[in-house]
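*Asks:* If you read the sequences in order, they're chains L and X. Numbering-wise (our numbering), the first sequence opens with residue 883 and increments by one. Numbering-wise (our numbering), the second sequence opens with residue 1187 and increments by one. Just so it is clear, CB atoms sit at the ideal spot from N, CA and C, and this is done for glycine as well. Quick one: this structure, given as structure tokens, is what I'll be asking you about.
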Amino acid sequence: MTGSADLPLLSDPPSYGTGRPPFQCEFPIAIANPADTNRLSLTGVTRVRRIKRMRSKVIWSSLVSLACGLSVSPMGSAFPGLELPGAPASEDPAVYVIRAEKLIERPGVVHENTSVLISDGRILEIGPDIALPDGATELKGAVVCASFIDPWSALGVDNGVLADTKMAESARTADGLNLFDVDHLFQEALRAGVTSARVQGGWQGKVCGLGAFVRLDPTLNDPKHAVLLPDADLAMSVGHSVNRGATFQRMGDGTFQMISGDRPTDVFDRVSEIEAVVSSVEAGEAYRRAEVEYKFKLKEWQEAIAEKQEELEDDFKKAKKDRDKKVKKAKEDGKEHKESKYKEDKKPREPKFNEDKAALARVAEGEIPLVVEVHRSSAIRNLLAGTERFSRLRLVIAGGSEALSCAEDLAERGIPVIVWPSLRGTTKKDEFTGATLSLAGELAAAGVPVLLGSGGRDADTTRDLPLLAQLAVGHGLEKEQALEALTIGAARAFDVADRVGSVELGKDADLLILDGMPLEPFTKIQYVFCGGRPAVTPEDN
Amino acid sequence: MKNQKLGTLARTAVATCLAATALTAATNAMPFSDGNIVIKAGQVITLDGEPIENGTIVIENGRITAVGKDIKYPWNAEVKEYPNSVAFPGFVEALTNSGMDRANENIDVAAFLNVKDSIDPVSFYFEDSLRSGVTTLNVQQGGSCVVGGMGYIVKPVGMTVEEMTVQPNSGIAMSAAPKSGKSRATQTLALRQTFDDLRRYLEGVVQEKRDGVDLATREALYQGREADEETSKGRPMGGNGWKVSNLEMIPRWEIDEKKAPLLGIVEGKTAVFFYCSTPGDVQTAIRTAKDNGFLNRTVLCLSSGCWKAADLIKQHNIPVILSSVLTHVERDPVTGEEKETFVPAVFQDKGVRFALRSAGTSGKSLWYQAALCVGHGMTREQALAAVTTTAAEITGLSNRVGSLAPGKDGNVVIFSGDPLSVMSNVEQVVVEGNHVYDRSTDVRMRHLETGAQPENTSAEMETGTPHKHDEPEEKDDKEPDEGENEEEKDDDHEGHEDEEN
């Protein structure tokens, strides 16, 4: 398994099913580990440059359409020939200028008295004095910051998908979204300032399938618009698989007694489940290697065969002459002519396509992160030890109730932990036992990248995310770290930092207008912009 | 392996044939004529123009040749006169999962199966359909599948599937609603994989052929002879969806018989009846159909909650078949208020073409469903279209059934009064010019009405299966009580609906 680092990357991902949206594929996928943000900044730079080029055109076209009262498709004019998934479906090319006393570009980067110009759902200009274009709406606020992201949510996921214990690696949560009956839940989450989430089904199974990154806009009940990234991650779960069926237990008198299903997970289960996770990644790596090897072998064979063909064509006249002679001779002898035997190298066999393994290969190559929900310290240790040799793997730990014991390792390898700072009762003994509200703070203090999520169990806990973050802050997490966890940190972990997570040029206009600093108990949210549209206004609160 | 599957599908047919011959004798009592018949009725509702008072329908060789008032007809034709009754085109059941040995298969992708092997011609269901005036039925596999088998359109008359056939291979059932053991994510995955596998298979077959041809060329070059001409020429891939180039290298008979029906779907040759149970499923169905180029051959078979996706359906101009539960009830998640939606009205308002289905077990046949629509404020024309002309259009039979017009199949139902009235009865049914049902000789109906055992039936009662005789009692709601008026009728319908929900 030492060869993995030398393995050449396929420049084009497998063409069936699992392709990333086209705008992501414009740039070479070459991110080796989560700490390496080259790709993100590359993406950002290119996008900004393009936006600058397009900016005048966009504003002009939207103003023209405003003036004429026509609904010109904004995307069509801004990015010709490029359909962006997750683009706002709004037909109204509204232009907003927000004048902020304090603009938090990202945690730690604050600008005073700055304006933000929003058009077509995107941030097109940031600067101290932006003139108000005709027809634009002007809003004023004390503080403007990026809206919140829930990196571990169940909002909008069909209940059947959440409870599905048989999710395959290639099964997509995006396919299991039910965006028709969740308007009220989306609205609640928006009012709390959460505008996007990574949703994940199948938490009860060992394999939970591919998670999706969605925008929580109740007007976008078409997955085409709501899903920013159809496969944001591949998730697995340790220690939660239920319905394990009946088992037999040996009693004192030598007889066996049947214990009906759902016995609590024990340490041996966890060991085997961790082993399953590790061997899955290994299978993905092997699959990708076989794919690459086949590609090279095929190329070699094709070149050799092309050469041979040329040779044969050159020699054809001679071969024909020889054959004619032989045929003639055979006829004279009264025998049947026997054709000479032709031999060539066999074409290499293509490895059998397997969509599940293809998904695992993407994980092994670090194209998408692997999110493992794991709580016990022994399990986390085993997981860390088992995955150490996969240099490209981007591991994210969800839950991590006892992760503190491995904090040093986690910090060193830069593995983010999504903490659910929940007020769970301690009476029920389950995987979460051992987690305290100070977990996020202590992990962050030890240098582990901490994200805050709402647990991915119920659809309505996403609404509580800012409250949970404040709980974590109350128990030792730095406020700035908490804000980073809720915005750019979550975006970066799931490859959407070029779209959301901070207030920057070219990004989607997902932001909050507040009357005070974020995550303060008395701060009120005045406006929530979701995809360039004010989804929540002061009248809603 | 395939034979085994087909075996399970067809296993009952012969056995039931023998047992039920005697039972169906009453409805099929009339010997099959040559399909020439003239029907005169007090009123002819053609659904192809205004109703005709004292009209005449001329049927020759099973097809209608003329409909009108005082028209000429062949001197030797058999003339049936019903001066106090209403002639009506037979109802069209746009989709049914009954009349089969088993509605669902265990295997996910069963496109190579055909319901013709599963249809039971002597099923009580067909007899009962005839009794309610349904003369055309699209039999499809049920919704617990990823891709189901090929459907058949039949008439409820005949002792073999061949005799019953109106249109063979009417379309394939598919489901966006998760089958048991699957969730929406895994169901969608299975749908996607079905077509991905097909594409990969076809590309593989073409590549293999190409490699073979190339190898043969090189071999010929080496041996110093001219290469053989390529002889077997197939057709290139058709349809509006994705294409596999050079498919003409493969003659169609070389394609795996399990994959061939799927290829038929992608090429747009086969209609698809797509089951959806939630509005989210509608999105899945439309995406699947779009990705694979069969959107214009898709009919959505919706559960009642799917009305929420009506805008989306209208946007893609897809016809739908509604479930038998016409009123959707849900509780508002915030206020807890109960909200009722009458589903057909939603689709009518949006301008989506829709057909209705009868509720198989409760005796609510198509006339009842249409009457319910009228009760909820739709016009008679709109309601009747959903069980006749539109249903025929959706199943691809608009040139054959659904209305009384020259050139169409000679399917006529004689009602004792208004076809949508609870007071009316189906008195006679003519299917393709054959007089196949007469209420006065319907043994079961007589039993029901008199409450006594009909004459000369004691032998049947002893040897037959008595439980079958219980079923028609559900038809009770069709039997008028003395003095019941029209207003009470509507109340009655709503009462039934409430019970159902």
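Within a Cβ cutoff of 7 angstroms, which residues of the same chain sit near Tyr-1176(L), ignoring the five residues on either side of it in sequence?
*Replies:* Pro-1230, Glu-1232 and Pro-1233
*Asks:* Using the three-state DSSP reduction, which class does Thr-1269(L) fall into: helix, strand or coil?
*Replies:* helix
*Asks:* Is there contact here, the stretch 1409-1421 of chain L with the stretch 1019-1029 of chain L, by at least three beta-carbon pairs under 8 angstroms?
*Replies:* yes
*Asks:* In chain order, what residues of the stretch 1358-1375 of chain X put their CB closer than 9 angstroms to some CB of chain L?
*Replies:* Pro-1364, Gly-1367, Lys-1368, Ser-1369, Arg-1370, Ala-1371, Thr-1372, Gln-1373, Thr-1374 and Leu-1375
*Asks:* Check each candidate in Asn-1478(X), His-1514(X) and Val-1622(X) and name the one with the smallest Cα separation from Gly-1454(X).
*Replies:* Asn-1478(X)
*Asks:* How about Ala-1050(L) and Thr-1372(X): are their beta carbons less than 9 angstroms apart?
*Replies:* yes
*Asks:* Could you check the C-alpha separation between Met-1216(X) and Gly-1561(X) for me, to the nearest Å?
*Replies:* With a pLDDT of 44 at Met-1216(X), under the threshold of 50, the modelled position of that residue is not reliable, and the figure given next carries that caveat. For Met-1216(X) and Gly-1561(X), the distance between alpha carbons rounds to 37 angstroms.
*Asks:* Tell whether a beta-carbon distance below 9 angstroms holds between Ile-1243(X) and Ala-1227(X).
*Replies:* yes
*Asks:* With 9 angstroms as the C-beta to C-beta threshold (strictly closer), list the residues of the stretch 1570-1586 of chain X near chain L in chain order.
*Replies:* none
*Asks:* By alpha-carbon positions, which one of Leu-1401(L), Val-979(L), Asp-1011(L) and Leu-1037(L) ends up nearest to Ser-1336(L)?
*Replies:* Leu-1037(L)
*Asks:* Which residues of chain X have a Cβ atom closer than 7 angstroms to the Cβ of Arg-988(L), listed in chain order?
*Replies:* Neighbours of Arg-988(L) on chain X: none; closest Cβ ~34 angstroms, over 7 angstroms.
*Asks:* Is it the case that the Cβ atoms of Val-861(L) and Ser-1162(L) are separated by a distance below 9 angstroms?
*Replies:* In the structure displayed, chain L extends from 883 to 1423; residue 861(L) sits before or after that span and is not available.
*Asks:* Take Val-1109(L) as the anchor and find which of Gln-1086(L), Arg-1132(L), Arg-1054(L) and Met-1133(L) has the nearest alpha-carbon.
*Replies:* Arg-1054(L)
*Asks:* Kindly indicate which residue of Ala-1261(L), Leu-1275(L) and Glu-1270(L) has the alpha-carbon position closest to the one of Leu-1286(L).
*Replies:* Ala-1261(L)
*Asks:* Please report whether the beta-carbon of Asn-1060(L) lies at a distance below 9 angstroms from any beta-carbon of chain X.
*Replies:* So, interface residue.
*Asks:* To which residues of the same chain is Thr-1405(L) closer than 7 angstroms at the C-beta, ignoring the five residues directly before and after it?
*Replies:* Leu-1396, Asp-1397, Gly-1398 and Met-1399
*Asks:* So is Pro-970(L) buried or exposed if we call it buried at 16+ other beta carbons inside 10 Å?
*Replies:* Because the pLDDT of Pro-970(L) is 48, which lies under 50, any placement of that residue in the model is unreliable, and the question is left without a value.
*Asks:* Can you pull the chain L neighbours of Arg-1404(X), defined as C-beta to C-beta under 9 angstroms?
*Replies:* Within chain L, the residues near Arg-1404(X) are Ile-1187, Lys-1190, Gln-1191, Leu-1194, Tyr-1224 and Glu-1226.
*Asks:* Can you tell me whether DSSP reads Val-1468(X) as helix, strand or coil?
*Replies:* helix
*Asks:* Ends of the beta strand (DSSP E) at Asp-1624(X)?
*Replies:* 1620-1624
*Asks:* Mind the definition here: the stretch 1097-1115 of chain L touches the stretch 1052-1070 of chain L only if three or more C-beta pairs lie below 8 angstroms; say whether that holds.
*Replies:* yes
*Asks:* Kindly indicate the opening and closing residues of the beta strand (DSSP E) around Trp-1034(L).
*Replies:* 1030-1035
*Asks:* List, in order along the chain, the chain L residues whose C-beta lies closer than 9 angstroms to that of Thr-1464(X)?
*Replies:* Asp-1040, Asn-1060, Phe-1062 and Asp-1063
*Asks:* Would Gln-1326(X) and Ala-1296(X) qualify as a contact pair, given that the criterion is a beta-carbon distance under 9 angstroms?
*Replies:* no
*Asks:* Against chain L, does Gln-1326(X) count as a neighbour if the rule is that its beta carbon must be under 9 angstroms from one of theirs?
*Replies:* no
*Asks:* Would Val-977(L) and Pro-1010(L) qualify as a contact pair, given that the criterion is a beta-carbon distance under 9 angstroms?
*Replies:* no
*Asks:* For the candidate residues Pro-1416(L), Val-1153(L) and Pro-1420(L), whose alpha-carbon lies nearest to that of Arg-1004(L)?
*Replies:* Pro-1416(L)
*Asks:* Counting only beta-carbon separations shorter than 9 angstroms, does Thr-919(L) have a partner in chain X?
*Replies:* Note on Thr-919(L): pLDDT 35, under 50, position unreliable in the model; the coordinate value appears next. No, no contact with chain X.
*Asks:* Taking buried to mean at least 16 other C-beta atoms within 10 Å of its own C-beta, is Asn-1620(X) buried or exposed?
*Replies:* Counting of Cβ neighbours within 10 angstroms places Asn-1620(X) among the buried residues, the total reaching 16 or more.
*Asks:* Tell me the DSSP bridge mates of Arg-1004(L)?
*Replies:* Ser-1001(L) and Asp-1390(L)
*Asks:* By Cβ distance, which residues of its chain are closer than 7 angstroms to Gly-1603(X), with the 5 residues on each side in sequence left out?
*Replies:* Val-1272, Met-1609 and Ser-1610
*Asks:* Please confirm if Val-1149(L) has its CB atom under 9 angstroms from at least one CB of chain X.
*Replies:* no
*Asks:* Counting along the chain, where does the alpha helix (DSSP H) carrying Cys-1559(X) start and finish?
*Replies:* 1552-1561
*Asks:* My assumption, with CB atoms under 8 angstroms, is that Ser-1356(X) sits in contact with Ile-1339(X). Please give the rounded CB distance.
*Replies:* 4 angstroms
*Asks:* Count the C-beta pairs between the stretch 1550-1558 of chain X and the stretch 1569-1578 of chain X that are closer than 8 angstroms, then say yes if the count reaches three, no if not.
*Replies:* With the cut-off at 8 angstroms, the stretch 1550-1558 of chain X and the stretch 1569-1578 of chain X touch.
*Asks:* Around the C-beta of Trp-1261(X), are 16 or more other C-beta atoms found within 10 angstroms, so that it is buried, or is it exposed?
*Replies:* exposed
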